[in-house]
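Peer 1: Residue numbers for the sequence shown follow the numbering used here, beginning at 1 and rising by one.
Every residue gets a Cβ at the ideal spot worked out from N, C-alpha and C, and that includes glycine.
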Amino acid sequence: MGDEETALELILESTARLCDGPVRFHQISNVDSSYVRYHDSFLEHGYSLRITNCDMLLDTSRDWDALLAEMDSSRRRAIRRGHDHDGEVVEEELTRAVLSEMHSNYTDVAERVGGARLTRAFFLELRNFPERIKVFSLHIDGARRGLMVFVLDDERSMLHYLCSGVTEDHFEHNASELIHEHAIKWAIDNGYETYNFRGTEPDFRNGLFRFKERFATRAAPSLTWERGYPQVALAALNGGRVAHRWVTSSTPDTPETLRERTAEIKSRVVGQVFS
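#1: Work out the CA separation of arginine 96 and glycine 146 for me, nearest whole Å.
#2: Can you list, in chain order, the residues of its chain with a C-beta nearer than 6 Å to that of arginine 117? Leave out the 5 residues immediately preceding and following it.
#3: Could you round the C-beta distance between threonine 200 and methionine 56 to whole angstroms and report it? I think they count as a contact, below 8 Å.
#4: Look at the alpha carbon of tryptophan 64 and the alpha carbon of alanine 220, and state the distance between them as a whole number of angstroms.
#5: Grab me the residues of valine 113's own chain with a C-beta within less than 8 Å of its C-beta, minus the 5 sequence neighbours each way, in chain order.
#6: Under the DSSP definition of a beta bridge, which residues are partnered with valine 31?
#7: Check tyrosine 192 in the structure and name its three-state DSSP category.
#8: Among all the DSSP beta bridges, which residues are the ones paired with alanine 219?
#9: Looking at the structure shown, is serine 61 part of a helix, part of a strand, or coil, going by DSSP?
#10: Taking only the alpha-carbon atoms, compute the straight-line gap between serine 41 and valine 90 and give it to the nearest angstrom.
#11: May I ask you to report which of helix, strand or coil DSSP gives serine 157?
#12: Determine the burial state of arginine 227: buried for a count of at least 16 other Cβ atoms within 10 Å of its Cβ, exposed for fewer.
#13: Taking only the alpha-carbon atoms, compute the straight-line gap between leucine 138 and tyrosine 38 and give it to the nearest angstrom.
#14: Let me check understanding here. Comparing Cα to Cα, which of Ser33, His170, Arg156, Asp141 lies closest to methionine 148?
#15: To the nearest angstrom, report how far apart valine 31 and arginine 77 are at their CA atoms.
#16: Might you give, ordered along the chain, the residues of its own chain that have their beta carbon closer than 8 Å to the beta carbon of proline 130, omitting 5 neighbours on each side?
#17: Looking at the strands, I want to know which residues DSSP matches up with cysteine 19.
#18: Evaluate the contact criterion for the region 45-53 versus the region 174-191: three or more CB pairs, one atom per stretch, below 8 Å.
#19: Residue ranges of each beta strand (DSSP E) run of no fewer than 3 residues wholly in the region 63-117, ordered along the chain?
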């Protein structure tokens, strides 16, 4: 206990010394819920807790039929409809052509859903990690109808879904459901205990959250503790976050909503400056 507490103090004190000059913010982020045991210590050092993301986990120590039975009926129907097509999910070799196609499709997906994008160079680099990377694709009538990239995490007995190359043109074939089905079965057959659909916003109204939740997953929150240097810098950052959501929102604002959002920005900044 004493050694652990001393080690944590040294880490946090060293971090504070390093956060100087142009460095104004620091985060401690993880998806291991056991880190919550440090929560009070983080608060005592000026950190604030945020939960902006969660992993969606499926227990693949169980057999496929048991998992399928617990999935939402909409997922089971989509999988059945997918099997109505004369297609097959296969493992692809990590060739330049396959990874280039993956990047092209992935870019189309990213433009549709938004968010940060991985570069073509990133995908081509995956060729150097064949022991860690799997690419599964749906083939129908001799053509690929969507691809997905997966990461093998042997240390934690987990198969991670990394990203999708399933475009809108592939929706009619239920490519997402079929590739996930294949990957889940592959994880079960190869002894992986967990299938990780990876991150999404922890919001039941979010379409991506609902899509993954309907595979009978459980949400594992990503806990993020952060602080500013000086501490008031975090207040400005949070005000900027609210303003960014305001500007990028796809929903037109009424005058009443504009006043409410302006008041929210002010209260976030003022409240944290004097907290």
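Peer 2: Let me lay it out:
#1: Translated into positions along the sequence shown, residue 146 becomes position 146. Translated into positions along the sequence shown, residue 96 becomes position 96. Using only the alpha carbons, I get a separation of about 16 Å.
#2: Taking the first residue of the sequence shown as 1, we reach residue 117 at position 117. Excluding sequence neighbours, arginine 117 sits near Ala110.
#3: The residue labelled residue 200 in the question sits at position 200 within the sequence shown. The residue labelled residue 56 in the question sits at position 56 within the sequence shown. About 6 Å separates the two Cβ atoms, so the contact holds.
#4: Translated into positions along the sequence shown, residue 64 becomes position 64. Translated into positions along the sequence shown, residue 220 becomes position 220. Near 21 Å, if we compare the C-alpha coordinates of alanine 220 and tryptophan 64.
#5: The sequence position of residue 113 within the sequence shown is 113, counting from 1. Around valine 113: Leu208.
#6: Here residue 31 refers to the residue found at position 31 of the sequence shown. Note: valine 31 sits in no beta bridge, so no partner.
#7: Translated into positions along the sequence shown, residue 192 becomes position 192. Tyrosine 192 falls in the coil class under three-state DSSP.
#8: For the purposes of this step, residue 219 is taken as residue 219 along the sequence shown, with counting starting at 1. In the DSSP output, where bridge partners are listed per residue, alanine 219 has Met56.
#9: The sequence position of residue 61 within the sequence shown is 61, counting from 1. Serine 61: coil per DSSP, three-state reduction.
#10: By one-based count along the sequence shown, residue 41 stands at place 41. By one-based count along the sequence shown, residue 90 stands at place 90. For serine 41 and valine 90, the distance between alpha carbons rounds to 48 Å.
#11: As a first step, residue 157 is located in the sequence shown; it is residue number 157 there, counting from the start. Here serine 157 sits in coil by DSSP.
#12: The residue you call residue 227 lines up with position 227 of the sequence shown. Buried, since its Cβ has 16 or more Cβ neighbours within 10 Å.
#13: Position 138 of the sequence shown holds residue 138. Position 38 of the sequence shown holds residue 38. Distance between the alpha carbons of leucine 138 and tyrosine 38: 44 Å.
#14: For the purposes of this step, residue 148 is taken as residue 148 along the sequence shown, with counting starting at 1. Considering only alpha carbons, the answer is His170.
#15: Within the sequence shown, numbered from 1, the residue matching residue 31 stands at position 31. Within the sequence shown, numbered from 1, the residue matching residue 77 stands at position 77. About 31 Å.
#16: Here residue 130 refers to the residue found at position 130 of the sequence shown. Excluding positions up to five away in sequence, the list reads Leu94.
#17: Residue 19 sits at position 19 when you count from the first residue of the sequence shown. Paired residues: none, contrary to the question.
#18: no
#19: 87-92
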